[in-house]
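Number of protein chains: 4
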Amino acid sequence: MSLAEAETIIEVPFFDLDPMNVVWHGNYIKYTEIARCALLDKIGYSYDEMRIDGVMYPIAKMEMKFIKSAVFGQKLCVKTIIEELEPGLNIRYIIKDAKTGETLFKAKTMQICVEFATGKSLYEAPEKFKKGIECLKKS
Amino acid sequence: MSLAEAETIIEVPFFDLDPMNVVWHGNYIKYTEIARCALLDKIGYSYDEMRIDGVMYPIAKMEMKFIKSAVFGQKLCVKTIIEELEPGLNIRYIIKDAKTGETLFKAKTMQICVEFATGKSLYEAPEKFKKGIECLKKS
Amino acid sequence: MSLAEAETIIEVPFFDLDPMNVVWHGNYIKYTEIARCALLDKIGYSYDEMRIDGVMYPIAKMEMKFIKSAVFGQKLCVKTIIEELEPGLNIRYIIKDAKTGETLFKAKTMQICVEFATGKSLYEAPEKFKKGIECLKKS
Amino acid sequence: MSLAEAETIIEVPFFDLDPMNVVWHGNYIKYTEIARCALLDKIGYSYDEMRIDGVMYPIAKMEMKFIKSAVFGQKLCVKTIIEELEPGLNIRYIIKDAKTGETLFKAKTMQICVEFATGKSLYEAPEKFKKGIECLKKS
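Respectively, the protein sequence lines represent chains A, B, C and D. Numbering follows my numbering, in which position 114 of the first sequence is assigned residue number 127; successive positions increment by one, without gaps. Numbering follows my numbering, in which position 138 of the second sequence is assigned residue number 151; successive positions increment by one, without gaps. Numbering follows my numbering, in which position 92 of the third sequence is assigned residue number 105; successive positions increment by one, without gaps. Numbering follows my numbering, in which position 112 of the fourth sequence is assigned residue number 125; successive positions increment by one, without gaps.
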């Protein structure tokens, strides 16, 4: 199921490469974060809104599948899909070559909404987050 | 099951921290790589031996569980355990606080042995790798 | 003096921030590399052309001046200027806020052209590099 | 002149390498930070003490000279030398191969003491910092 989606283009920088001349596997996490931030921006619920609401969304779990290596200068299309908002925020990521559409990488993250002041886990998403997703659906 | 194990101490550097004053989640992958390299060194089958054998071991899958955040200067003990060598190399990682033993992070990687020249997947591990593990068991 | 120039827009990602909530000083080097690659692309003499010519351009010296800290999501304009091509490649970098024009960072790099096969320093730039700069000037 | 010195051993991790099979130039900054933190620890005036004193020491300028490339697994000895404490904190860095003593890299940083609450530059170092350096000299 998809509650909200976004697509982000990222160009592979030189410093992300390893001696095999491909992106070092740990650097794909950066691409998922850039894309997740773009998705949250689109929804209108990014880190600033979280701070105002007194919550944060640390990553609790992450799974990654490395299918084909990305190379220098390659334009990647990172698709992000919110699959679940409550009790936890589940996002799926698919990285494809922006031109050919070939799939290179897949991932899932599970994030928990945590009250900043108390450190307590909340199993409901903040109102503004839910409304942002509703607005995006209608548009 | 454990075919081989190692423990590596890592001290959290300042540049691994994020604005929450804890290690950014993507940086734990670096700790797993440092620890995996130390384990392979102990076995006597590190990147140089792979190169000589004409193989490489790219990461195909990775799972991570973030339990408690690490902080600046904290000494981490990264335990690595080879659980399977064939057909794929499966390694498990547990990061604990080196003093208190509190568990902070867990991960698993699945790597495939690939012939460098052809790009073909091999489902048997190189002889030297297997012998290295045998030697370690006896010691 | 300016032999060639380019401007690149970079948006500060979350993972570049440090506990002070600003970009960690070491991450500005990444911005200079992204911008230098964009400049070389514009000239038509990027890493692929260097490889074909059998040369590389390692950084020999770098100077940086940190004027004002960049923050999360800030759009930066990185201006790059080739000031000298021979005997060494000297590039100047100025990072400004893309909206306000406020200067945040300045840098200089000095690179040496090195013959890949021999490791010997060359004090003349490859023909294609010089021609690319000439073409850009006329356009 | 040397007010205080330290030496730190760093082993080059795989993820710091670039496609040339050497440490990417931007990663040397990480080594200078690890070594600077070790020096400040030895003096007894690290980030925690700065926080208690309500000051911070942002990097204002940095110069780097890349002499010879470091490679995977190489053990580096990073020597740090405080050359000036007031009005600014000037530190010099020399990275050598830990075994052969061959010099690979040199750098200088200039840091300014800034009052956290006001953002005002202070041209005197905090008392505890000066005392820590005095103690180290006598030992």
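C-beta: ideal position from N, C-alpha, C; glycine also. Owing to the predicted nature of the structure, the values given are computational and were not obtained by experimental measurement.
**Q.** B:Glu46: contacting residues in chain D (beta-carbon distance under 8 Å)
**A.** Pro26, Phe27, Phe28
Q.
Buried or exposed for B:Asn34, going by 16 or more other Cβ atoms inside 10 Å?
A. exposed
Q: Determine contact between the segment 126 to 142 of chain B and the segment 86 to 97 of chain B, defined as no fewer than three beta-carbon pairs at a distance below 8 Å.
A: no
**Q.** Best match in B:Leu30, B:Ile65, B:Ile104, B:Glu128 for proximity to C:Gly37 [C-alpha to C-alpha]
**A.** The sequence given here has Trp at residue 37 of chain C, not Gly. Ranking B:Leu30, B:Ile65, B:Ile104, B:Glu128 by Cα distance to C:Trp37 puts B:Leu30 first.
(Q) Please tell me whether C:Ile95 has its Cβ less than 8 Å away from any Cβ of chain D. (A) no
**Q.** Alpha-carbon to alpha-carbon, A:Ile107 and B:Leu16
**A.** 34 Å
Q) If you pair each beta-carbon of the segment 75 to 85 of chain A with each one of the segment 60 to 77 of chain B, do three or more pairs fall below 8 Å? A) yes
Q: For C:Thr193, name the three-state secondary structure that DSSP assigns.
A: Nothing in the structure corresponds to residue 193 of chain C, since chain C is present only between 14 and 152.
(Q) Contact criterion: CB-CB distance below 8 Å. Does C:Gly145 meet it with respect to chain B? (A) no
Q) Nearest to C:Phe28 by alpha carbon, out of A:Pro32, A:Ala19, A:Thr45? A) A:Thr45
Q. When DSSP builds the beta bridges, which residues end up paired with C:Tyr106?
A. C:Thr93, C:Ala120
Q.
Does the beta-carbon of C:Asp61, which I'm using as the reference point, lie nearer than 7 Å to any heavy atom of the ligand FMN?
A. Of the ligands one can find in the structure shown there are none, so the ligand FMN has no counterpart to examine.
Q: Please work out which residues of its chain come closer than 7 Å, Cβ to Cβ, to A:Gly145, disregarding the five sequence neighbours upstream and downstream, and give them in chain order.
A: Ile56, Gly57, Tyr58
Q: Step through the CB atoms of chain A and report whether any lies within less than 8 Å of the CB of C:Phe85.
A: yes
Q) Cβ of C:Ala111 within 8 Å of Cβ of C:Ile22? A) yes
Q) If you draw a straight line from the alpha carbon of C:Gln87 to that of A:Lys43, how long is it in whole angstroms? A) 17 Å
Q: Can you tell me which of B:Phe118, B:Asn103, B:Asn40, B:Phe85 puts its alpha carbon nearest to the alpha carbon of B:Leu53?
A: B:Asn103
Q) Could one say the Cβ of D:Pro32 lies closer than 8 Å to chain A's Cβ atoms, at least one of them? A) yes
(Q) Let me confirm a value: A:Cys126 is counted as buried when at least 16 other C-beta atoms fall within 10 Å, else exposed. Which label applies? (A) buried
**Q.** Best match in A:Lys143, A:Tyr70, A:Arg49 for proximity to A:Arg105 [C-alpha to C-alpha]
**A.** A:Arg49
Q) Who are the neighbours of C:Gly39 on chain E, taking C-beta pairs under 8 Å? A) As a matter of chain content, chain E is missing from the structure shown, whose protein chains are A, B, C and D.
**Q.** Contact belief for A:Val68 with A:Leu149 at Cβ below 8 Å, rounded distance in angstroms
**A.** Contact flag wrong, Cβ pair sits at about 20 Å.
(Q) Strictly under 8 Å for the Cβ-Cβ distance: is B:Tyr136 near chain D by that measure? (A) no
Q.
On the DSSP letters alone, give me the boundaries of the beta strand (DSSP E) that A:Ala17 sits inside.
A. 17 to 24
Q) Apart from the five residues on each side of it in sequence, which residues of its chain come closer than 8 Å, Cβ to Cβ, to A:Leu98? A) Leu16, Ala138, Phe142, Lys143, Ile146
Q. Could you give the distance in angstroms between the alpha-carbon of B:Phe156 and the alpha-carbon of A:Gly39?
A. This structure leaves residue 156 of chain B out entirely; chain B is present only between 14 and 152.
Q. When the cut-off is 8 Å and only beta carbons count, does C:Cys90 lie next to chain A?
A. no
Q.
Strictly under 8 Å for the Cβ-Cβ distance: is B:Lys78 near chain A by that measure?
A. yes
Q: Please go through the same chain and pick out, in chain order, the residues whose beta-carbon is closer than 7 Å to the beta-carbon of B:Val25, but skip the five residues on each side of it.
A: Val36, Ala83, Val84, Phe85, Gly86, Gln87, Leu89
Q: Mind listing the chain B neighbours of A:Ile72? Cutoff is C-beta to C-beta under 7 Å, in chain order.
A: His38, Phe79
Q) Which term fits D:Met14, buried or exposed, when burial requires 16 or more other beta carbons within 10 angstroms of its beta carbon? A) exposed
Q: Starting from the beta carbon of C:Lys43, find every residue of chain D whose beta carbon is closer than 8 Å, and list them in chain order.
A: Gly39
Q | C:Lys151 versus B:Tyr60: straight-line alpha-carbon distance, rounded | A | 49 Å
(Q) Residues in the same chain with beta-carbon distance under 7 Å from D:Ala51, minus the five sequence neighbours each way, listed in chain order, please. (A) Ala19, Thr21
(Q) Can you give me the C-alpha to C-alpha distance between B:Tyr41 and B:Glu115, rounded to a whole angstrom? (A) 16 Å
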